[in-house]
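Engineer:
And the structure:
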């Protein structure tokens, strides 16, 4: 395991994927967590709960990757996986940026926007979703960049 500030479950998952292994989440698995504020893994859930508690106590916003940035990143991931089915996707597409890279948004607004977007896309097949994404990115790349 790499000596990184990360929980061991995330580290083992990343090690499996980066070494070429495939990882699948079973719909039958149920995970139960506790609200412990002291945990075994540095950077794990206990540390996150302490941080969130401090933000709430100080009435400070919790900023995360914006819904627009998350949807764009995950859309690119879908297209990448379609084009490279036997390859490990780059971490830039699979790992949420931490801290947010200039496109931060308050967590409640982000979750609300993402839930609305999911409801819009839910009725579409995966192929139809990927077609929408493909058209969107081709349209964006067709726009000429003006020199300053």
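In the numbering used here, the protein residues as written are 43 to 190. Beta carbons are placed, not taken as given, at the ideal position from N, Cα and C, and that holds for glycine.
1. What is the residue span of the beta strand (DSSP E) that residue 106 lies within?
2. Can you name, in chain order, every residue of its own chain whose Cβ lies under 6 Å from the Cβ of residue 166, other than the five neighbours on each side?
3. For residue 147, count neighbouring Cβ atoms within 10 angstroms of its own Cβ and tell me buried if that reaches 16, exposed if not.
4. In the DSSP assignment, the beta strand (DSSP E) including residue 146 goes from what residue to what residue?
5. Find out if the Cβ-Cβ distance for the pair residue 135, residue 115 is shorter than 8 Å.
6. Among 178, 125, 112, which residue has its Cα nearest to the Cα of residue 139?
7. Can we say the segment 119-126 touches the segment 75-93, given the rule of at least three CB pairs closer than 8 Å?
8. Could you check where the alpha helix (DSSP H) with residue 59 kicks off and where it finishes?
9. Could you check where the alpha helix (DSSP H) with residue 97 kicks off and where it finishes?
Structural biologist: The structure says:
1. Counting along the chain, the beta strand (DSSP E) containing residue 106 begins and ends at 105-107.
2. none
3. buried
4. 146-148
5. yes
6. The shortest C-alpha separation from residue 139 is found at 112.
7. no
8. 50-60
9. 87-99
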